[in-house]
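Following: one structure in structure tokens, then a few remarks.
In this note's numbering, the protein residues as written are 3 to 140.
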């Protein structure tokens, strides 16, 4: 494993353990042995209150791969609270970059998602086909 991959893995496990202390593990998945996740080295789905999210490593990058709010909890600011917690942890630990892909599936408005994630420091790096790749530096 290269030193860059080791650094990403360390950031991943630090975040995973941080949220394990405050949430609960839903499912763990690892690489090619998991359906639909063959391009990932490591990953975990977690629940944090009414928020379901996934952290994953793809190559040498750490991803927030999923962010979903339970239907009965929508409109309560949980996504904002979660992203505040996540970005504060990333910043306090000087973790560097985290990536995500915002997409207009499930009726989401892409420009609204870009604006939302932008409030937490994510910048668009590429757009196309109803999605935007975004990156945040700490």
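Ideal placement from N, C-alpha and C gives every residue a C-beta, glycine not left out. Just so you know, these numbers come straight off a predicted model, no measurement behind them.
**Item:** Option nearest residue 107 by Cα separation, candidates 93, 133, 121 and 57
**Value:** Working through the chain shown from its first residue, we reach residue 107 at position 105. Closest by alpha carbon: 133.
**Asked** How would you label residue 37, buried or exposed, when you count the other beta carbons within 10 angstroms and need 16 or more for buried?
**Response** As a working note, residue 37 is residue 35 in the chain shown. Residue confidence for residue 37 is low, a pLDDT of 49 falling below 50, so the modelled location carries little weight; the figure read from the coordinates is stated next. Counting the other Cβ atoms within 10 Å of the Cβ of residue 37 gives fewer than 16, which makes it exposed.
**Message:** Within the continuous alpha helix (DSSP H) that includes residue 135, where are the two ends?
**Reply:** Numbered from its first residue, the chain shown carries residue 135 at position 133. Run containing residue 135: none in the alpha helix (DSSP H); it sits in the beta strand (DSSP E), 133-138.
**beta strand (DSSP E) segment containing residue 129, residue limits** = Within the chain shown, residue 129 is the residue found at index 127, counting from 1. 125-130 is the extent of the beta strand (DSSP E) around residue 129.
**Request:** Could you give the DSSP three-state label for residue 97: helix, strand or coil?
**Result:** The sequence position of residue 97 within the chain shown is 95, counting from 1. It is coil, neither helix nor strand.
**Item:** Buried or exposed by the 16-neighbour rule on C-beta atoms within 10 Å, applied to residue 66
**Value:** Counted from its first residue, the chain shown places residue 66 at position 64. By the 10 Å Cβ count, residue 66 comes out buried.
**Asked** Can you list, in chain order, the residues of its chain whose CB lies under 6 Å from that of residue 97, leaving out five sequence neighbours each side?
**Response** As a first step, residue 97 must be located in the chain shown, where it is residue number 95. Excluding positions up to five away in sequence, the list reads 13 and 140.
**Prompt:** What residues are listed by DSSP as bridge partners for residue 65?
**Reply:** For the purposes of this step, residue 65 is taken as the residue at position 63 of the chain shown. When DSSP reads this structure, residue 65 sits in a beta bridge with 58 and 101.
**Asked** If you follow the alpha helix (DSSP H) that residue 120 is part of, which residue opens it and which one closes it?
**Response** Walking along the chain shown from the start, residue 120 turns up at place 118. Taken as a continuous stretch (DSSP letters only), the alpha helix (DSSP H) holding residue 120 covers 112-120.
**Message:** Please state the DSSP three-state secondary structure of residue 52.
**Reply:** By one-based count along the chain shown, residue 52 stands at place 50. The three-state reading of DSSP puts residue 52 in coil, since its state is none of H, G, I, E or B.
**Asked** Comparing the C-beta of residue 73 with each C-beta of chain C, is any distance below 9 Å?
**Response** Given the protein chain composition of this structure (a single chain), no chain C is represented.
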